[in-house]
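Participant:
There are 2 protein chains.
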Amino acid sequence: MDTTQNGQAKEEAAAAAAAAAVARDGTVCGYESLDRLLRDNLRPEVFQEVSRLLIGLNCGRTLEAVPLADSAKALSSECNFDIQAFGFTADKELLREPRVVRVGLIQNSIVLPTTAPFLDQKRAIHQKVKPMIDAAGASGVNILCLQEAWMMPFAFCTREKRWCELAEPVDGESTRFLQDLAKKYNMVIVNPILERDTNHGETIWNTAVIIGNHGNIIGKHRKNHIPRVGDFNESTYYMEGNTGHPVFETAYGKIAVNICYGRHHPLNWLAFGLNGAEIVFNPSATVGELSEPMWPIEARNAAIANSYFVGSINRVGTETFPNPFTSGDRKPQHADFGHFYGSSHFSAPDASCTPSLSRYRDGLLISDMDLNLCRQLKDKWGFRMTARYELYADMLAQYLKPDFEPQVISDPLLHKKSS
Amino acid sequence: MDTTQNGQAKEEAAAAAAAAAVARDGTVCGYESLDRLLRDNLRPEVFQEVSRLLIGLNCGRTLEAVPLADSAKALSSECNFDIQAFGFTADKELLREPRVVRVGLIQNSIVLPTTAPFLDQKRAIHQKVKPMIDAAGASGVNILCLQEAWMMPFAFCTREKRWCELAEPVDGESTRFLQDLAKKYNMVIVNPILERDTNHGETIWNTAVIIGNHGNIIGKHRKNHIPRVGDFNESTYYMEGNTGHPVFETAYGKIAVNICYGRHHPLNWLAFGLNGAEIVFNPSATVGELSEPMWPIEARNAAIANSYFVGSINRVGTETFPNPFTSGDRKPQHADFGHFYGSSHFSAPDASCTPSLSRYRDGLLISDMDLNLCRQLKDKWGFRMTARYELYADMLAQYLKPDFEPQVISDPLLHKKSS
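Those sequence lines, one after another, are chains B and L. Heads up: the first sequence at position 40 corresponds to 41 in my numbering, and the numbers run straight through without jumps. Heads up: the second sequence at position 352 corresponds to 353 in my numbering, and the numbers run straight through without jumps.
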């Protein structure tokens, strides 16, 4: 494996090629996104039909391209990040005005080598992300979400505790940095950090801080489900969150945050829905070998099942650490987590979704969404009303008992020899 | 809309064209499946990468093509139905032998016009499906599932109660027909019927009867969640099931049945998982306009989240009824439900899935699956252990109270005017 610091440079070079390339081993690589791969390789009419099947477009609804401000486009080309904007449509209602909000997601790679002084690493990320936030502000974004633990490399693969030094209190340096921008752009910002809880014995949490559009801190949510899979050694660093499933009522709608691995838990998505979320963000850090085929499935399923919008964010790039580590897979030690494949995107409650951002490059994805669509889909499909929650409250209560017996009906002829 | 009886003939003609055609309005139509559309229109190396992203293949695992018995192939060409077979792979374990079972799904259109005498309609379907079951038997299928209410047209759009005459007791004509075949082929058969419950006031249920490999009836499950969407007027005919979430321990593994609309309910999928299901079938009847972009998402999400296999079945064809009906969408009356788009497929707990059967033609889809894969994925991802069910048992219990207050944290500056 690549244990040098040039992984990022290589990926940027690969990304510079607009279309897919074929590697020496015959595999396709270097393409920007699934959408781009299909668009570049299918006739337009076939691409349209594939899109209808895959991402629910042209199926009653269309996805509109939203024009971008020139200043945002200038920042994008000057600072070398992608910017894309779409608009989900909803029916016009008779008694409610449309409630269109503009929502943004930012995905980014780290900046300095992980061997650089910690504070330099953090501030370099701040400075890299700032023009992306400026572009969101210039584009009139109302609610913006950054990626999981955006202010640091995703160092939890290493199991080295020194990375805890990067943790911050809820009102720490990264929050303050974003509070100024939130106020400047009248924008709600979701700020996922590694949290140091000074009031509770300096414990560590994986936390999203919700910053209001006046720069105030509305509240926080702590990651509910912690992975123990592959190199995701996060359970070495912090415990399951203790903040329940809060929904934050902001100036632009009711939002919630399902952090990373929580996306594998349908009950976590459900609880945010029951508390009234209209948009649930899923700031993540996940790698291709492990999860790429799951990535578009889980967020879209959550949007469909819970009649809300989902904004999914994954970081990009390969982060190489100073000291190699093993992965419990019998392979030799190595110093990186694998490739974080980006692919941030939005899913809507009507089963449609936007194309994804690049698998390689930093990017800002913007989407307009009429929050009225949530209730329209509830009325259409009636999932909440047909859900029979009483069955499941009882089922879970039974399941929790140590002597729970599953409901199994055995074939009485199970051990009869076949004639 | 087409109110004649020739809808099926037209679809069969369209299906005869192997590759996609472009209709007069510029849309692509007549293609067999998404897999075929992509395979026919992409270079092999691009198709391979798209498959990796979309259906999780080549991502650590591959899907093997399984050779078919000549007698099965002969039945397929003689009786004009597709037959495809694949095999999911699993790791070899050190302490358990592989538990490979061969599982089949059958999708089919109806046979006679819906104006024909009821008994003729039912028996014509029996006779059409028989060679498909014979082909499954000749292929060594261990567990076979038919589509929802396979013994009748999906007449619930009409709201006419006379279709209730087609309902049968659990041990009725269609069950007896399948019991003989189950015994003959030493095969478990899942038999989804419209049930007449003679012991409870002759009420109607949407039920799956589980027939053991000795031809015995192991038990039944009644559809838990009933739709009220589009033309799905099933709630006019029967109520929510009262059989819980049973898992049937058969000679070939633990199976359960999530009937049709229950697939939109993550809790329904979850409950079958908590009761220990290794394969959950989803016999369905659903139409393109309404649900096609959701179809591959929900089943795969269930397989991932619950670490089991899913077999999804949808009927094919357009069924035209004698008396037109309206749809509550302000459009003129019409006499069909729309196109049932088939596309039956299997999903595995590792996020992979098989290609789908045709959108137009009858078909038998077979897949080998090593049930050991379920526990392997549980050990890898740990979803059960990280699920925190106690949080959700409590959440649901609270939610059920009429005076439930959602957990909402409001921005105290919500009504402050922006500076």
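Note that CB positions come from ideal geometry on N, CA and C, so glycine has one too. This one's a predicted model, so the numbers in the text were calculated from it and none came from an experiment.
Just reading off the beta strand (DSSP E) that Cys146 (chain B) is part of, what are its end residues?
Facilitator: As a first step, residue 146 (chain B) is located in the first sequence; it is residue number 145 there, counting from the start. 144-146 is the span of the beta strand (DSSP E), which, as asked, contains Cys146 (chain B).
Participant: Check each candidate in B:Leu268, B:Thr208, B:Ile212 and name the one with the smallest Cα separation from Asn243 (chain B).
Facilitator: The residue given as residue 243 (chain B) occupies position 242 in the first sequence. For the residues B:Leu268, B:Thr208, B:Ile212, the minimum Cα distance to Asn243 (chain B) belongs to B:Thr208.
Participant: Should His265 (chain L) be flagged as near chain A, meaning a C-beta pair shorter than 8 Å?
Facilitator: Within the model displayed, chain A is absent; protein chains B and L are what it includes.
Participant: Assuming Leu374 (chain B) and Ala91 (chain B) form a contact by the criterion Cβ under 8 Å, report the distance between their Cβ atoms to the nearest whole angstrom.
Facilitator: Position 373 of the first sequence, counting from 1, holds the residue named residue 374 (chain B). Position 90 of the first sequence, counting from 1, holds the residue named residue 91 (chain B). At roughly 4 Å, the Cβ-Cβ gap stays under 8 Å, so Leu374 (chain B) and Ala91 (chain B) are in contact.
Participant: Below 7 Å, is the gap between the Cβ of Ile367 (chain L) and the nearest heavy atom of the ligand ZN?
Facilitator: The ligand ZN is not part of this structure, which contains no ligands at all.
Participant: At the 8 Å Cβ level, is Gly57 (chain B) part of the contact set with chain L, yes or no?
Facilitator: Within the first sequence, the letter at position 56 stands for residue 57 (chain B). Closer than 8 Å: yes.
Participant: Going by CA-CA distance only, name the one from L:Glu320, L:Ile410, L:Leu96 that's closest to Asp337 (chain L).
Facilitator: Indexing the second sequence from 1 puts residue 337 (chain L) at position 336. Looking at the Cα atoms, L:Glu320 is the closest of the given residues.
Participant: What residue range does the beta strand (DSSP E) around Ser292 (chain B) cover?
Facilitator: If you number the first sequence from 1, residue 292 (chain B) lands on position 291. Counting along the chain, Ser292 (chain B) falls outside any beta strand (DSSP E), though it belongs to the alpha helix (DSSP H) covering 289-292.
Participant: Measure the C-alpha to C-alpha separation of Ile227 (chain B) and Cys261 (chain B) and round it to an integer number of angstroms.
Facilitator: Translated into positions along the first sequence, residue 227 (chain B) becomes position 226. Translated into positions along the first sequence, residue 261 (chain B) becomes position 260. Distance between the alpha carbons of Ile227 (chain B) and Cys261 (chain B): 9 Å.
Participant: When you compare the stretch 159-172 of chain L with the stretch 190-208 of chain L, are there three or more beta-carbon pairs, one atom per stretch, that lie closer than 8 Å?
Facilitator: Touching, per the Cβ criterion.
Participant: Give me the Cα-Cα distance between Thr5 (chain B) and Leu64 (chain B), rounded to the nearest whole angstrom.
Facilitator: For the purposes of this step, residue 5 (chain B) is taken as residue 4 along the first sequence, with counting starting at 1. For the purposes of this step, residue 64 (chain B) is taken as residue 63 along the first sequence, with counting starting at 1. Because the pLDDT of Thr5 (chain B) is 40, which lies under 50, any placement of that residue in the model is unreliable, and the number read from its coordinates should be weighed accordingly. Those two C-alpha atoms are separated by around 42 Å.
Participant: Tell me, which residues are paired with Trp206 (chain B) by DSSP?
Facilitator: In the first sequence, counting from the first residue as 1, residue 206 (chain B) sits at position 205. DSSP lists B:Glu196 as partners of Trp206 (chain B).
Participant: Which chain B residues are close to Val230 (chain L), counting only those with a beta carbon under 8 Å from its beta carbon?
Facilitator: Indexing the second sequence from 1 puts residue 230 (chain L) at position 229. Going along chain B in sequence order, the residues near Val230 (chain L) (Cβ under 8 Å) are Lys381, Trp382, Gly383.
Participant: Quick check: the stretch 322-340 of chain L against the stretch 285-297 of chain L, are there 3 or more CB pairs under 8 Å?
Facilitator: They touch, by the three-pair rule.
Participant: Please check the pair Gly277 (chain B) and Pro407 (chain L), which I expect to be a contact at CB under 8 Å, by giving their CB distance rounded to whole angstroms.
Facilitator: Sequence index remark: in the first sequence, residue 277 (chain B) carries index 276 (1-based). Sequence index remark: in the second sequence, residue 407 (chain L) carries index 406 (1-based). Sure, about 5 Å apart at Cβ, within 8 Å.
Participant: Per DSSP, Ala86 (chain L) is paired with what?
Facilitator: Indexing the second sequence from 1 puts residue 86 (chain L) at position 85. Beta-bridge pairing links Ala86 (chain L) to L:Ile367.
Participant: Could you tell me whether any Cβ in chain B is nearer than 8 Å to the Cβ of Lys402 (chain L)?
Facilitator: The residue given as residue 402 (chain L) occupies position 401 in the second sequence. Not closer than 8 Å to any Cβ of chain B, the Cβ of Lys402 (chain L) fails to qualify, so no.
Participant: Hey, Ser348 (chain B) and Ala306 (chain B): beta-carbon distance below 8 Å or not?
Facilitator: Residue 348 (chain B) sits at position 347 when you count from the first residue of the first sequence. Residue 306 (chain B) sits at position 305 when you count from the first residue of the first sequence. Against a cut-off of 8 Å, the Cβ pair of Ala306 (chain B) and Ser348 (chain B) comes out as no contact.
Participant: Starting from Thr28 (chain L), find everything on chain B with Cβ-Cβ shorter than 8 Å and list it in chain order.
Facilitator: Mapped onto the second sequence, residue 28 (chain L) falls at position 27. Within 8 Å Cβ-Cβ: Glu46, Gln49, Glu50.
Participant: With the cut-off set at 8 Å, would you say Leu147 (chain B) and Ile107 (chain B) are in Cβ contact?
Facilitator: Translated into positions along the first sequence, residue 147 (chain B) becomes position 146. Translated into positions along the first sequence, residue 107 (chain B) becomes position 106. Cβ distance < 8 Å, so Leu147 (chain B) and Ile107 (chain B) count as in contact.
Participant: Taking DSSP as the reference, what is the three-state secondary structure of Arg40 (chain B)?
Facilitator: Within the first sequence, residue 40 (chain B) is the residue found at index 39, counting from 1. Correct three-state label for Arg40 (chain B): helix.
Participant: Which residue comes first and which comes last in the alpha helix (DSSP H) that contains Asp337 (chain B)?
Facilitator: Translated into the one-based positions of the first sequence, residue 337 (chain B) becomes position 336. It is not in any alpha helix (DSSP H) - Asp337 (chain B) instead sits in the beta strand (DSSP E) that spans 335-342.
Participant: Closest to Phe1 (chain L) by CA distance: which of L:Lys93, L:His265, L:Ile84, L:Gly231 is it?
Facilitator: Coverage of chain L is limited to positions 2 through 420, which leaves residue 1 (chain L) absent and any answer about it impossible.
Participant: If we cut at 8 Å on Cβ distances, does Asn302 (chain B) have a partner in chain L?
Facilitator: As a working mapping, residue 302 (chain B) is identified with position 301 in the first sequence. So, interface residue.
Participant: Taking the alpha-carbon positions, what's the Cys60 (chain B) to Lys332 (chain B) distance?
Facilitator: Within the first sequence, numbered from 1, the residue matching residue 60 (chain B) stands at position 59. Within the first sequence, numbered from 1, the residue matching residue 332 (chain B) stands at position 331. No answer about Cys60 (chain B) holds up, because its pLDDT of 42 lies below 50 and its placement is not dependable.
Participant: Would you mind telling me which residues of chain B sit closer than 9 Å to His346 (chain L), beta carbon to beta carbon, in chain order?
Facilitator: On the second sequence, position 345 is the one that residue 346 (chain L) refers to. In chain order: nothing, as chain B lies at least about 13 Å away.
Participant: With Ile219 (chain B) as the anchor, note down where its beta strand (DSSP E) starts and where it stops.
Facilitator: Looking up residue 219 (chain B) in the first sequence gives position 218. Here the beta strand (DSSP E) through Ile219 (chain B) covers 218-223.
Participant: What number of angstroms, rounded off, separates the C-alpha of Asn302 (chain B) from the C-alpha of Pro294 (chain L)?
Facilitator: As a working note, residue 302 (chain B) is residue 301 in the first sequence. As a working note, residue 294 (chain L) is residue 293 in the second sequence. Answer to the nearest angstrom: the Cα atoms are 11 Å apart.
Participant: Does DSSP put Asn315 (chain L) in a helix, a strand or coil?
Facilitator: In the second sequence, the residue the question calls residue 315 (chain L) occupies position 314. Asn315 (chain L): strand per DSSP, three-state reduction.
Participant: Out of curiosity, what's the CA-to-CA distance linking Phe273 (chain B) and Pro323 (chain B)?
Facilitator: For this step, residue 273 (chain B) is matched to residue 272 along the first sequence. For this step, residue 323 (chain B) is matched to residue 322 along the first sequence. One C-alpha to the other measures close to 39 Å.
Participant: If we ignore side chains and look at the alpha-carbon of each, how far apart do Asp395 (chain B) and Phe310 (chain L) end up?
Facilitator: If you number the first sequence from 1, residue 395 (chain B) lands on position 394. If you number the second sequence from 1, residue 310 (chain L) lands on position 309. If you take the alpha carbons of Asp395 (chain B) and Phe310 (chain L), they lie about 25 Å apart.
Participant: Return the CA-CA distance between Thr116 (chain B) and Trp206 (chain B), expressed in angstroms with no decimal places.
Facilitator: By one-based count along the first sequence, residue 116 (chain B) stands at place 115. By one-based count along the first sequence, residue 206 (chain B) stands at place 205. Thr116 (chain B) and Trp206 (chain B): Cα-Cα distance of roughly 24 Å.
Participant: List the residues of chain L that Arg213 (chain B) touches, going by C-beta distances under 7 Å, in chain order.
Facilitator: Counted from its first residue, the first sequence places residue 213 (chain B) at position 212. Checking the sequence, you will find Gly at residue 213 (chain B) rather than Arg. Result: Asp412, Leu414.
Participant: What first and last residue would you give for the alpha helix (DSSP H) that runs through Ile305 (chain L)?
Facilitator: For the purposes of this step, residue 305 (chain L) is taken as residue 304 along the second sequence, with counting starting at 1. Ile305 (chain L) -> alpha helix (DSSP H) spans 296-307.
Participant: Taking Ala257 (chain B) as the reference, which of B:Gly318, B:Pro356, B:Gly312 has the closest Cα?
Facilitator: To locate residue 257 (chain B), count along the first sequence from 1; it is residue 256. Closest by alpha carbon: B:Gly312.
Participant: Distance cutoff 8 Å, beta carbons only. Does Gln180 (chain L) sit that close to anything in chain B?
Facilitator: Counting from one through the second sequence, the residue named residue 180 (chain L) turns up at place 179. Not an interface residue.
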